[in-house]
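Undergrad: Encoded as structure tokens, here's the structure I'll be asking about.
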Amino acid sequence: MELSKLDSHIFSKYPTRFKRDEKDSFLIFIAGVFKQNGYAEKDIKIRKMKDTVENNNLIVGEPNAKYLFTAHYDTPGRTGFFSLGSKLWGRTIGMGLALILGVLLALSFFFISRYIPHFTDLSFFQRYIYSLLWVLILVIAFVCVPMSLKNKNNRNDNSSGVLALLKIAELVSSDKELKA
């Protein structure tokens with residue numbers, strides 16, 4: 011399949027590969043593209059990986075080959091407003107802002123908690139722990155929750171690497187030595 015047609019097909023039929031079934035159907039599609047490019051079915055394997063979470067990898071050819079070409083095929087979740095990689099802030103500024111904001115929130119809650127009726131009887135250590143828990147709740151709300159939601163605006167997230175890998179596979183498919 012021509013690269014521009016493959017590109018259009020992937021983004022219309024597989025815009026996100028976030029859930030397990032989306033990832034699996036995409037892997038099956040990509041395995042079919044390798045078959046179309048002349049790779050033998052016996053050399054195309056979807057392998058379940060033994061990680062902390064269930065991951066599947068598409069392996070084409072010999073896994074112990076001298077040279078390996080790899081690409082991520084899934085698509086990430088949304089980046090939160092305060093996420094370290096947020097487009098609004100950028101990685102460096104975002105990390106600095108998140109660190110400063112976290113420290114300021116923890117300190118402000120720590121000092122304000124002396125005047126909140128329920129917290130006045132707490133020890134220094136207990137107020138410190140509550141302050142850290144408050145920051146943790148905010149991190150979960152502003153960073154972790156958005157990352158667990160599908161990001162439908164991810165045209166470049168990992169798809170470009172898959173397309174590049176497929177183009178390389180197409181180019182080497184006619185050369186027996188390179189294909190091995």
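Here the numbering used here is used: the first residue of the sequence shown is 11, the next is one more, and so on. All C-beta atoms, glycine included, are put in the ideal place defined by N, C-alpha and C. These figures come from a predicted structure and were not determined experimentally.
Please look up how many angstroms separate the CB atoms of F44 and I54, rounded, as I've assumed it's under 8 Å.
TA: For this step, residue 44 is matched to residue 34 along the sequence shown. For this step, residue 54 is matched to residue 44 along the sequence shown. Indeed they touch by this definition, with Cβ atoms about 5 Å apart.
Undergrad: Which residue wins for smallest C-alpha separation from L114, given the options F134, R124, D84, L142?
TA: By 1-based counting over the sequence shown, the position of residue 114 is 104. Among F134, R124, D84, L142, the Cα nearest to that of L114 belongs to L142.
Undergrad: Can you name the start and end residues of the beta strand (DSSP E) that R57 belongs to?
TA: Position 47 of the sequence shown, counted from the first residue, corresponds to residue 57. Start and end: 54 to 60.
Undergrad: According to DSSP, simplified to helix, strand and coil, what is V70?
TA: Here residue 70 refers to the residue found at position 60 of the sequence shown. Note: V70 maps to strand in three-state DSSP.
Undergrad: Excluding sequence positions up to five away, which residues of its chain have a Cβ less than 8 Å from the Cβ of E51?
TA: Locating residue 51 in the sequence shown gives position 41, counting from the first residue. Excluding residues within five positions, the ones whose Cβ falls inside 8 Å are K45.
Undergrad: With respect to the alpha helix (DSSP H) encompassing D84, which residues constitute its N-terminal and C-terminal limits?
TA: Locating residue 84 in the sequence shown gives position 74, counting from the first residue. No alpha helix (DSSP H) holds D84; DSSP gives it neither H nor E.
Undergrad: Between which two residues does the alpha helix (DSSP H) harbouring A41 extend?
TA: To locate residue 41, count along the sequence shown from 1; it is residue 31. Its alpha helix (DSSP H) spans residues 30 to 46.
Undergrad: State yes or no: is the C-beta of F121 nearer than 7 Å to some heavy atom of the ligand SAH?
TA: Ligands displayed in this structure: none; no statement on the ligand SAH is therefore possible.
Undergrad: Can the beta-carbon of W144 be found less than 8 Å from the beta-carbon of F119?
TA: Indexing the sequence shown from 1 puts residue 144 at position 134. Indexing the sequence shown from 1 puts residue 119 at position 109. Cβ atoms of W144 and F119: closer than 8 Å.
Undergrad: What does the Cβ neighbour count give for F169, buried or exposed, with the cut at 16 atoms within 10 Å?
TA: As a working mapping, residue 169 is identified with position 159 in the sequence shown. Looking at the sequence itself, residue 169 is Ser, so the reference to Phe does not match. S169 should be labelled buried.
Undergrad: What separation, rounded to the nearest whole angstrom, lies between the Cα atoms of L146 and S14?
TA: Walking along the sequence shown from the start, residue 146 turns up at place 136. Walking along the sequence shown from the start, residue 14 turns up at place 4. Cα to Cα, L146 sits roughly 44 Å from S14.
Undergrad: Among Y49, F21, G112, which has the Cα closest to the Cα of I178?
TA: Here residue 178 is taken as the residue at index 168 of the sequence shown, counted from 1. For I178, the nearest C-alpha among the options comes from Y49.
Undergrad: Can you tell which of D17, R27, K76, G87 has its C-alpha closest to the C-alpha of S188?
TA: Translated into positions along the sequence shown, residue 188 becomes position 178. The question names Ser, but residue 188 is Leu in the sequence shown. Nearest C-alpha to L188: K76.
Undergrad: Whole angstroms are fine: how far does the CA of T80 sit from the CA of L109?
TA: One-based indexing of the sequence shown puts residue 109 at position 99. One-based indexing of the sequence shown puts residue 80 at position 70. If you take the alpha carbons of L109 and T80, they lie about 34 Å apart.
Undergrad: What do you get for D34, buried or exposed, if any count of 16 or more other CB atoms within 10 angstroms of its CB means buried?
TA: Position 24 of the sequence shown, counted from the first residue, corresponds to residue 34. Burial call: exposed.
Undergrad: Rounding to the nearest angstrom, what Cα-Cα distance links S123 and I150 in this structure?
TA: Walking along the sequence shown from the start, residue 123 turns up at place 113. Walking along the sequence shown from the start, residue 150 turns up at place 140. Rounded to the nearest angstrom, the two C-alpha atoms are 21 Å apart.
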